[in-house]
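Undergrad:
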Amino acid sequence: MPVDPRAVLTRPAPEPDRTVAYGDHPDQVADLRLPAGTGPARPLVVVLHGGFWRAEYDRRHTGPLAAALAADGYPVAQLEYRRTGQPGGGWPGTLTDVLTGVAELPALAAEALPGRVSLAPPILVGHSAGGHLALYVAGTAPATVSGVLALAPVADLGEAYRRDLDSGAVAALLGGGPAEVPDRYATADPRMLVPIRTRIVVVHGSDDHQVPVEMSRDFVAEARATGSDISLVELPGCEHFGLIDPEAVAWPQVLVVLRSLHDDH
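Next comes the structure, spelled out in structure tokens:
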């Protein structure tokens, strides 16, 4: 019997080692995981979860991914943020939460996990809508990020609106379409933020039905043309959720890309 690709979304994971707050709202927090083994302090890996920015999806579904990264020796933070359908979520709270969290987490994690986290800017690992948020942070506050691994990202909000991904998810985030709130798209859409100087690797499965791979192909081609340091790894036969599932066939390739980003720093 084939395994349901969505199984990872509800799979139990070990509890985090610490939870820290970067703001006063209950969702302005991050779960921290200690890296396995011993060794020097390393840059933090910040995981930005997907779910089309909606309240019903939270950081817990990235528990298996975060636990696997910690087991591989990375200090990990699963960043939570206010989402659409919640007070303060959507425009601009979702975006400002992630900017603030990414900027503050290295110091918060270094204090909470003494000796294991360096104060260097973190690597961002973002999946789906979290991939959008990772690209947004890199394009908006590049000094706070040392690299981005964007897994099936929503890299073009205008195109995602036109394709009506997840039944109006982009309009819910930004409060309308590009014709109604063009200034918000200019601020939040990675397509409008190129060139992005941060090193970025986009990984996308060819069989993704939630976020079509063509969106990443087009975004990476356009970003490269503007001088961005960006590349695309396309995984044949991989769907949307295999990229965050440590039990999936794609996982070793995801780890290889993360290592290449992390080892540069």
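For the sequence shown, the UniProt record's numbering assigns the number 1 to the initial residue and increments by one for each residue that follows. Quick reminder that beta carbons are idealized off the backbone N, C-alpha and C, glycines included.
Cβ atoms of Arg82 and Gly73: under 8 Å apart, would you say?
TA: Position 73 of the sequence shown, counted from the first residue, corresponds to residue 73. Position 82 of the sequence shown, counted from the first residue, corresponds to residue 82. Against a cut-off of 8 Å, the Cβ pair of Arg82 and Gly73 comes out as no contact.
Undergrad: Between Ala155 and Pro195, is the Cβ-Cβ spacing less than 8 Å?
TA: Locating residue 155 in the sequence shown gives position 155, where the first residue counts as 1. Locating residue 195 in the sequence shown gives position 195, where the first residue counts as 1. No, these two residues do not count as a Cβ contact at 8 Å.
Undergrad: Is the separation between the beta-carbon of Arg33 and that of Ala67 shorter than 8 Å?
TA: Numbered from its first residue, the sequence shown carries residue 33 at position 33. Numbered from its first residue, the sequence shown carries residue 67 at position 67. Yes, they are a contact pair.
Undergrad: Just how far apart, CA to CA, sit residue 308 and Ala36?
TA: With the chain covering only 1 through 265, there is no way to say anything about residue 308.
Undergrad: Between the region 189 to 209 and the region 224 to 233, can you find at least three pairs of beta-carbon atoms closer than 8 Å?
TA: Verdict: yes, contact present.
Undergrad: For Gly237, tell me which candidate among Ala120, Val213, Pro142 has the shortest Cα-Cα distance.
TA: Here residue 237 refers to the residue found at position 237 of the sequence shown. Selected option, being the one with the closest Cα: Val213.
Undergrad: DSSP three-state label for Ser231, please.
TA: Here the question's residue 231 lines up with position 231 in the sequence shown. In this structure, Ser231 counts as strand in the three-state DSSP scheme.
Undergrad: Quick one: measure Cβ to Cβ for Tyr161 and Glu104, integer angstroms, because I've assumed they're closer than 8 Å.
TA: On the sequence shown, residue 161 is found 161 positions in, with the first residue counted as 1. On the sequence shown, residue 104 is found 104 positions in, with the first residue counted as 1. That belief does not hold up - the Cβ atoms of Tyr161 and Glu104 are roughly 31 Å apart, past 8 Å.
Undergrad: Among Ala109, Arg116, Thr84, Val148, which residue has its Cα nearest to the Cα of Asp58?
TA: As a position in the sequence shown, residue 58 is number 58, starting the count at 1. Selected option, being the one with the closest Cα: Thr84.
Undergrad: CB-CB under 6 Å to Asp245, same chain, minus the five flanking residues each way: which ones, in chain order?
TA: Here residue 245 corresponds to residue number 245 of the sequence shown, with the count starting at 1. The residues are Val8.
Undergrad: Look at the alpha carbon of Ala248 and the alpha carbon of Ala171, and state the distance between them as a whole number of angstroms.
TA: Looking up residue 248 in the sequence shown gives position 248. Looking up residue 171 in the sequence shown gives position 171. Taking the straight line from one Cα to the other gives about 32 Å.
Undergrad: Figure out for me which residue from Phe241, Ser118, Met215, Val137 has the closest Cα to the Cα of Arg199.
TA: Start at 1 with the first residue of the sequence shown, and residue 199 comes out as number 199. Here the closest residue by C-alpha is Val137.
Undergrad: Cα-Cα, which of Ser260, Pro16, Trp53 is closest to residue 284?
TA: Because residue 284 is not part of the residues shown, which for the chain are 1 to 265, the question remains open.
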